[in-house]
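Colleague: In full-length UniProt numbering, the protein residues as written are 1 to 338. Ideal Cβ positions, reconstructed from N, Cα and C, are used throughout, including at glycine. A single structure is presented below for examination.
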Amino acid sequence: MSRPVLAVGALGGTIASTPSAAGGSAVVPTAGAAELAAAVPGLADLAAVRATTLARLPSPSLAETDLLGALAWARAEVGAGAQGVVLTQGTDTLEESAFLLDLLWDSPVPLVLTGAMRAADAAGADGPANLLTAARVALAPASAGRGVLVALAEQVHAARWVSKTDSMAPAAFASPSFGPVGRCVETEVRYAAPPPRRAAALAVPGDRAPAARRPRVPLVATHLGDDGFVLGSLDLAGVDAVVVAGLGAGHVSTAMADVVGQVAAVVPVVVATRTGAGPTARATYGYPGAELDLLDRGVLGAGWLPPVKARLLLWALALTGPLDRGRVAAALAEHGAP
């Protein structure tokens, strides 16, 4: 019986990191996809692996265009017969990469992201175990049709809900609002429910966004005592939309609300909650800067999307044309709710 084909692509990150100099403790991404796959006991018995090094970058240096390139690679691998696709990268931006790819992934074949919290030479390095888990998830029949998944620490998360919730802990990922969708126990992948309904994938004009058409969607976080200085300082020329990481259920100060309204008269503005879980409110609070006031000023609530994912939704939407409030509202209704 022939083994299934598994495509493994590597972008860099801690999972690919080794000491930068002899005797030093600081690590940098150096390993490629073939080296990562070779370090996983039992992976070659599980599947015929096609390994491709896409980049050797720390994840803070990844850009949306790098992910569009990874998307093109993953689609080509599926077209060439891969039954599952795994992408490795650094954990700092992994939740954002997974969500952006999920917005654009239009295949039932599983695309699974994984990484590591400990470098390859560290005691208790978690990279090989996470890569093996991701491979099992990618090849599991029950993973089909679930879109992009994230597999770390033997848990499976949906790209829409996963977040990095700890800066250094080995178990750094969670889905705060709804929990993981599955687990890998021994060698089996188990899901608690059938695949959910998936929103239609957003269109991508070619494999990469031309430099001249790369969308620009700033993200501004508010805070205690914010008078709107940072938001009001933005040069809106060339800006497609703005996301505000709001307080509580999507709130800002009275002074900030005036500035938000002024910006919303020029480009679409979306307010998300910075709390890390739960949605923006729609009809609870009516004071200046609360959701009812912001809605009256033309601002949109991000629903269940955290600020970084709301920003990516607008960025991907802007790839295919100018944004207006109607387009953004429709996209948030489709992608910002369970």
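Among residues of its own chain, excluding the 5 on either side of V189, which ones have a beta-carbon nearer than 8 Å to its beta-carbon?
Modeller: The residues are R136, V137, A140, A142, S143, V156, G182 and R183.
Colleague: Put A211 into one of helix, strand or coil per three-state DSSP.
Modeller: Bear in mind that the predicted position of A211 carries a pLDDT of just 47, short of 50, making it unreliable; the figure below should be weighed with that in mind. Reduced to three states, the DSSP call for A211 is helix.
Colleague: With 8 Å as the threshold, decide whether the Cβ of A158 is near any Cβ in chain B.
Modeller: This model lacks chain B altogether, as it is built from one protein chain only.
Colleague: Could you tell me which residues DSSP pairs with residue 348 in its beta bridges?
Modeller: Because the chain spans 1 through 338 in this model, residue 348 falls outside it and cannot be assessed.
Colleague: Starting from G298, trace the beta strand (DSSP E) both ways and give me its first and last residue.
Modeller: Note, G298: premise wrong, no beta strand (DSSP E); not H, not E.
Colleague: Determine the burial state of F99: buried for a count of at least 16 other Cβ atoms within 10 Å of its Cβ, exposed for fewer.
Modeller: When all chains shown are included, F99 counts as buried.
Colleague: If I measure Cβ to Cβ from residue 339 and keep anything under 6 Å in the same chain, skipping five residues before and after, which residues do I get?
Modeller: Residue 339 lies beyond the residue range present for the chain, which begins at 1 and ends at 338; the question has no answer from this structure.
Colleague: Between the C-alpha atoms of A331 and L313, what's the straight-line distance to the nearest angstrom?
Modeller: A331 and L313: Cα-Cα distance of roughly 8 Å.
Colleague: Could you compute how far the alpha carbon of L219 sits from the alpha carbon of L104?
Modeller: Looking at the two C-alpha atoms, the distance is approximately 21 Å.
Colleague: Please go through the stretch 86-148 and give each complete alpha helix (DSSP H) segment of 4 or more residues, from N-terminal end onward.
Modeller: As far as the stretch 86-148 is concerned, its whole alpha helix (DSSP H) runs of at least 4 residues are 94-104 and 127-139.
Colleague: Could you tell me which residues DSSP puts in a beta bridge with H251?
Modeller: According to DSSP, which records beta bridges pairwise, H251 is partnered with L247.
Colleague: So the alpha helix (DSSP H) L305 belongs to, where does it begin and stop?
Modeller: First-last for L305: undefined, no H or E at that position.
Colleague: Start and end of the alpha helix (DSSP H) containing G9?
Modeller: Per DSSP, G9 belongs to no alpha helix (DSSP H); it is in the beta strand (DSSP E), V5 to G12.
Colleague: From V5 to I15, what does the alpha carbon distance come to, in whole angstroms?
Modeller: Between V5 and I15, the C-alpha separation is close to 22 Å.
Colleague: Using the Cα positions of A151 and E186, report the straight-line distance between them to the nearest angstrom.
Modeller: Spanning the two alpha carbons is a distance of roughly 14 Å.
Colleague: Could you compute how far the alpha carbon of G127 sits from the alpha carbon of P288?
Modeller: Taking the straight line joining both Cα atoms gives about 48 Å.
Colleague: Just to confirm the assignment, what range does the alpha helix (DSSP H) spanning L68 have?
Modeller: Note, L68: alpha helix (DSSP H), E64 to G79.
Colleague: Taking 7 Å as the limit between beta carbons, can you name the residues of its chain near A44, skipping five residues before and five after?
Modeller: Hits under 7 Å: none found.
Colleague: I need the straight-line Cα distance from R214 to A281, nearest angstrom please.
Modeller: Rounded to whole angstroms, R214 to A281 spans 31 Å at the Cα level.
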